[in-house]
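Now the structure itself:
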(Lines of atoms letter the chains of each structure in order from A and count residues from 1; the text may use other names and numbers.)
(Lines give C-alpha, C1' and ligand atoms only; values in the text may rest on other atoms or scores of the structure.)
Protein backbone atom coordinates (compact mmCIF):
# COMPACT_ATOMS: atom_id res chain seq x y z
CA UNK A 1 0.00 0.00 0.00
CA UNK A 2 1.34 3.43 -0.88
CA UNK A 3 0.32 6.68 0.78
CA UNK A 4 1.62 9.89 2.28
CA UNK A 5 3.05 10.10 5.81
CA UNK A 6 3.37 13.48 7.52
CA UNK A 7 5.74 13.94 10.46
CA UNK A 8 6.72 17.36 11.84
CA UNK A 9 4.98 19.07 8.90
CA UNK A 10 6.96 17.14 6.28
CA UNK A 11 5.03 14.83 3.94
CA UNK A 12 6.73 11.94 2.14
CA UNK A 13 5.39 8.95 0.20
CA UNK A 14 5.60 5.67 2.12
CA UNK A 15 5.03 2.12 0.90
CA UNK A 16 3.91 -0.56 3.36
CA UNK A 17 3.66 -4.31 2.83
CA UNK A 18 0.12 -5.29 3.90
CA UNK A 19 -1.02 -8.79 4.83
CA UNK A 20 -4.53 -10.07 5.51
CA UNK A 21 -4.05 -12.17 8.65
CA UNK A 22 -7.54 -13.58 9.04
CA UNK A 23 -11.05 -13.08 7.70
CA UNK A 24 -14.14 -14.49 9.41
CA UNK A 25 -16.40 -14.28 12.43
CA UNK A 26 -14.82 -12.68 15.50
CA UNK A 27 -14.68 -15.29 18.29
CA UNK A 28 -16.24 -12.98 20.90
CA UNK A 29 -18.55 -10.58 19.02
CA UNK A 30 -19.48 -13.05 16.24
CA UNK A 31 -19.33 -10.11 13.79
CA UNK A 32 -17.64 -10.43 10.41
CA UNK A 33 -14.06 -9.26 11.00
CA UNK A 34 -10.76 -8.90 9.20
CA UNK A 35 -7.30 -8.71 10.75
CA UNK A 36 -4.45 -6.97 8.93
CA UNK A 37 -0.79 -6.23 9.50
CA UNK A 38 1.46 -3.76 7.70
CA UNK A 39 5.22 -3.26 7.81
CA UNK A 40 7.62 -0.80 6.28
CA UNK A 41 10.68 1.34 6.89
CA UNK A 42 11.17 5.11 6.94
CA UNK A 43 14.27 7.24 7.37
CA UNK A 44 14.28 9.75 10.21
CA UNK A 45 16.43 12.08 8.12
CA UNK A 46 13.61 12.34 5.53
CA UNK A 47 11.59 14.12 8.23
CA UNK A 48 14.41 16.32 9.61
CA UNK A 49 14.95 14.02 12.59
CA UNK A 50 18.56 12.99 11.91
CA UNK A 51 19.91 14.06 15.29
CA UNK A 52 22.44 11.54 16.66
CA UNK A 53 22.83 9.65 13.36
CA UNK A 54 24.90 7.40 13.11
CA UNK A 55 24.74 6.69 16.85
CA UNK A 56 20.97 6.19 16.59
CA UNK A 57 19.74 4.43 13.45
CA UNK A 58 18.34 6.60 10.68
CA UNK A 59 15.97 3.78 9.70
CA UNK A 60 12.80 3.16 11.70
CA UNK A 61 10.69 0.06 11.19
CA UNK A 62 6.93 0.59 11.16
CA UNK A 63 4.74 -2.29 12.38
CA UNK A 64 0.96 -1.83 12.33
CA UNK A 65 -1.70 -4.33 13.38
CA UNK A 66 -5.40 -3.57 12.86
CA UNK A 67 -8.78 -5.24 13.01
CA UNK A 68 -11.99 -4.14 11.32
CA UNK A 69 -15.49 -5.42 12.08
CA UNK A 70 -18.76 -5.07 10.21
CA UNK A 71 -21.75 -3.82 12.21
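Residue numbers (the working numbering): 187 to 257. Idealized CB from N, CA, C, for every residue including glycine.
Beta bridge counterpart(s) of residue 243 as assigned by DSSP: Paired residue(s): none; residue 243 is not in a bridge.
Per DSSP, the bridge partner or partners of residue 222: 206, 252
C-beta atoms of residue 222 and residue 206 nearer than 9 angstroms: yes
Own chain, CB closer than 6 angstroms to residue 251, minus 5 neighbours either side, in chain order: 223
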